[in-house]
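Participant: First the structure, then my questions, so here it is.
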Amino acid sequence: DRESIKNLAIGFIVLWPVGSLVLFTSLLAACYKPLQAKSPNALTRATAFLHREYEKTWYWWEAVELARKLVLTGFVLLIPEKNAFLRLVVATLVCSCYAVALAVVRPYKRVEDNVLAVATSLALLLLFLGTNWTTICLGIEERYQEAGPADVLGFGSLNAIVDTMIVLVVFALVVFLIGAVVAARRVA
Numbered sequence: 002d003r004e005s006i007k008n009l010a011i012g013f014i015v016l017w018p019v020g021s022l023v024l025f026t027s028l029l030a031a032c033y034k035p036l037q038a039k040s041p042n043a044l045t046r047a048t049a050f051l052h053r054e055y056e057k058t059w060y061w062w063e064a065v066e067l068a069r070k071l072v073l074t075g076f077v078l079l080i081p082e083k084n085a086f087l088r089l090v091v092a093t094l095v096c097s098c099y100a101v102a103l104a105v106v107r108p109y110k111r112v113e114d115n116v117l118a119v120a121t122s123l124a125l126l127l128l129f130l131g132t133n134w135t136t137i138c139l140g141i142e143e144r145y146q147e148a149g150p151a152d153v154l155g156f157g158s159l160n161a162i163v164d165t166m167i168v169l170v171v172f173a174l175v176v177f178l179i180g181a182v183v184a185a186r187r188v189a
């Protein structure tokens with residue numbers, strides 16, 4: 002009996018993220034023609050929370066955003082724990098690609114939403130890069146006692162890496178916040 006409940010739970014754990022992505026994508030696909038024709042129907046009004054913030058061309062971007070979240074918070078955990086660094090590399094690549102796509106595509110209707118989305122994506126990317134450096138630093142300290150992290154990374158300690166990444170993230174967010182304010186004033 003315990004095994005059947007466990008299997009049911011595993012099924013629901015798998016169904017929830019995959020099902021959400023399939024459902025969102027299916028709903029957005031069904032809204033394509035009415036949205037392109039600018040003739041809203043009951044479905045487009047009911048699913049407006051999925052597409053109203055985006056440009057008409059990028060109405061389906063919410064499905065991309067959900068896929069990114071699912072990869073970063075769930076699917077990377079399918080990589081075995083012994084390959085923890087690979088998890089970080091995959092997450093870093095996903096963040097990099099997403100940040101570039103956001104900057105190029107600019108899917109949001111409002112300029113400040115585009116700026117803030119890129120800013121938060123880059124902040125997350127910087128955090129993953131800092132985690133990569135920290136993992137490398139710990140690996141160097143653990144495996145090579147004669148060579149310190151400063152010899153390879155240029156950082157003498159973990160605190161230096163963490164402090165540098167915090168400063169970079171705060172700096173990036175301040176720059177993008179200023180950019181968002183300037184963009185909002187130009188639009189207004």
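Numbers given in my numbering equal positions in the sequence shown, counted from 1, plus 1. Don't be surprised by glycine CBs; every beta carbon is placed ideally from N, CA and C.
1. DSSP three-state call for Phe109: helix, strand or coil?
2. Do you know how far the Cα of Tyr33 is from the Cα of Leu169?
3. Contact defined as beta carbons within less than 8 Å: I believe Leu29 pairs with Leu9. What is the distance between those atoms, to the nearest angstrom?
4. To which residues of the same chain is Asn133 closer than 8 Å at the C-beta, ignoring the five residues directly before and after it?
5. Looking at Ala120: is its Cβ nearer than 9 Å to the Cβ of Leu178?
6. Would Leu130 pass as a contact of Met166 if the rule is Cβ separation under 9 Å?
7. My output table needs one value for Tyr145: the three-state DSSP class, helix, strand or coil.
8. Extract the residue ranges of the alpha helix (DSSP H) inside the stretch 14 to 99, only unbroken runs of 4 or more that lie entirely within it.
9. Select from Glu147, Ala173, Cys138 and Ala181 the residue whose C-alpha is nearest the C-alpha of Asn160.
Facilitator: According to the data block:
1. Just to set this straight, residue 109 is Tyr in the shown sequence, not Phe. Strand.
2. 40 Å
3. Wrong, their Cβ atoms sit about 30 Å apart, outside the cutoff.
4. Phe86, Leu89, Val90 and Thr93
5. yes
6. yes
7. coil
8. Look at the stretch 14 to 99 and you find these whole runs of alpha helix (DSSP H), each 4 residues long or longer: 33 to 37, 43 to 47, 49 to 52 and 62 to 74.
9. The alpha carbon of Asn160 has as its nearest neighbour, out of Glu147, Ala173, Cys138 and Ala181, the alpha carbon of Cys138.
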